[in-house]
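Enquirer:
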Amino acid sequence: MAKDKAAATAGNFVSELAQTGRYKRSQGRTARQATMLAMWALVGVAAWQLYDVLRNQGAERWLQVGVPALLLIAGFWIAYRVINWPVFADFLIAVEAEMNKVTWPSRAELIRASAVVILFVFALAAVLFAYDVFWQYVLKHWIAFLRYAFN
């Protein structure tokens with residue numbers, strides 16, 4: 120237990136950033152790739168937003184491009200290293216192992232279940248719309264009646 124806690128320290132992660140190797144490269148591959156792509160997408164959006172902010176503030180061109188580019192490179196590297204950090208990588212490996220144990224529904228069952236959910240969403244939307252129209256009608260006429268009664 121103490122060894123597990125020691126493995127997840129901030130100092131350990133900082134030293135992990137300087138590594139270039141991959142931890143258990145063939146295990147948990149799908150979960151790790153999906154997680155890394157999601158992290159890269161977040162870093163890319165953040166860099167793009169920073170570029171827009173710097174451009175709109177009228178910063179010099181080298182700042183507009185340089186700072187987001189550095190953020191992009193650093194973010195991509197940190198995301199890559201997080202995926203290969205033993206604590207996080209072991210978690211993703213365990214997640215993929217559990218996902219492989221799950222019994223997934225057949226295509227026909229998935230279509231039926233999705234149709235039921237979609238049908239109920241539209242039915243609830245129709246009921247809420249009817250409630251909205253009803254109360255709008257009642258309150259509109261009630262306010263008109265009150266104005267007439269008290270004027």
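Numbering (the working numbering), first residue to last: 120 to 270. Every residue gets a Cβ at the ideal spot worked out from N, C-alpha and C, and that includes glycine. All of these numbers come straight from a predicted model, not from anything done at the bench.
Assuming Tyr199 and Pro187 are in contact, meaning their beta carbons sit under 8 Å apart, how far apart are those beta carbons, in whole angstroms?
Expert: The residue given as residue 199 occupies position 80 in the sequence shown. The residue given as residue 187 occupies position 68 in the sequence shown. Contact doesn't hold; Cβ gap of about 18 Å is too wide.
Enquirer: Under the three-state reduction of DSSP, which class applies to Tyr199: helix, strand or coil?
Expert: By one-based count along the sequence shown, residue 199 stands at place 80. Helix, per DSSP.
Enquirer: Report the option in Ile192, Gln183, Ala208 and Trp254 whose CA atom is closest to the CA atom of Ala160.
Expert: Locating residue 160 in the sequence shown gives position 41, counting from the first residue. Ala160 has its Cα closest to that of Ile192, out of Ile192, Gln183, Ala208 and Trp254.
Enquirer: Determine the burial state of Val201: buried for a count of at least 16 other Cβ atoms within 10 Å of its Cβ, exposed for fewer.
Expert: Residue numbering aside, residue 201 sits at position 82 when the sequence shown is read from its first letter. Buried is the call here.
Enquirer: Does the distance from the CB of Ala208 to the CB of Arg151 come in under 8 Å?
Expert: As a first step, residue 208 is located in the sequence shown; it is residue number 89 there, counting from the start. As a first step, residue 151 is located in the sequence shown; it is residue number 32 there, counting from the start. In contact: Ala208 and Arg151 (Cβ atoms closer than 8 Å).
Enquirer: Within this structure, are the beta carbons of Leu189 and Ala165 separated by less than 8 Å?
Expert: For this step, residue 189 is matched to residue 70 along the sequence shown. For this step, residue 165 is matched to residue 46 along the sequence shown. Not in contact: Leu189 and Ala165 (Cβ atoms no closer than 8 Å).
Enquirer: Using the C-alpha atoms, what's the distance from Val133 back to Thr139?
Expert: By 1-based counting over the sequence shown, the position of residue 139 is 20. By 1-based counting over the sequence shown, the position of residue 133 is 14. In a straight line, the C-alpha of Thr139 is about 13 Å away from that of Val133.
Enquirer: What does a CB cutoff of less than 8 Å around Leu173 pick up in its chain, not counting 5 residues either side in sequence?
Expert: Translated into the one-based positions of the sequence shown, residue 173 becomes position 54. Excluding residues within five positions, the ones whose Cβ falls inside 8 Å are Leu182, Gln183, Val186 and Pro187.
Enquirer: Which residues mark the beginning and the end of the alpha helix (DSSP H) in which Glu272 is found?
Expert: Limits of the chain in this structure are 120 at one end and 270 at the other, which puts residue 272 out of reach.
Enquirer: Alpha carbon to alpha carbon, how far is Leu211 from Lys143? Give it in angstroms, no decimals.
Expert: Taking the first residue of the sequence shown as 1, we reach residue 143 at position 24. Taking the first residue of the sequence shown as 1, we reach residue 211 at position 92. Those two C-alpha atoms are separated by around 11 Å.
Enquirer: Taking the beta carbon of Gly177 as the centre, do at least 16 other beta carbons fall within 10 Å, making it buried, or is it exposed?
Expert: In the sequence shown, residue 177 corresponds to position 58, counting from 1. It counts as exposed.
Enquirer: On the DSSP letters alone, give me the boundaries of the alpha helix (DSSP H) that Glu179 sits inside.
Expert: Residue 179 sits at position 60 when you count from the first residue of the sequence shown. Glu179 -> no alpha helix (DSSP H), and no H or E assigned at all.
Enquirer: Please classify Ala121: is it buried, with 16 or more other beta-carbons within 10 angstroms of its beta-carbon, or exposed?
Expert: Taking the first residue of the sequence shown as position 1, residue 121 is located at position 2. Note that Ala121 has pLDDT 43, beneath the 50 cutoff, so the model's placement of it is unreliable and no number is given.
Enquirer: Around the C-beta of Val257, are 16 or more other C-beta atoms found within 10 angstroms, so that it is buried, or is it exposed?
Expert: In the sequence shown, the residue the question calls residue 257 occupies position 138. Looking at its Cβ environment, which holds fewer than 16 other Cβ atoms inside 10 Å, Val257 is exposed.
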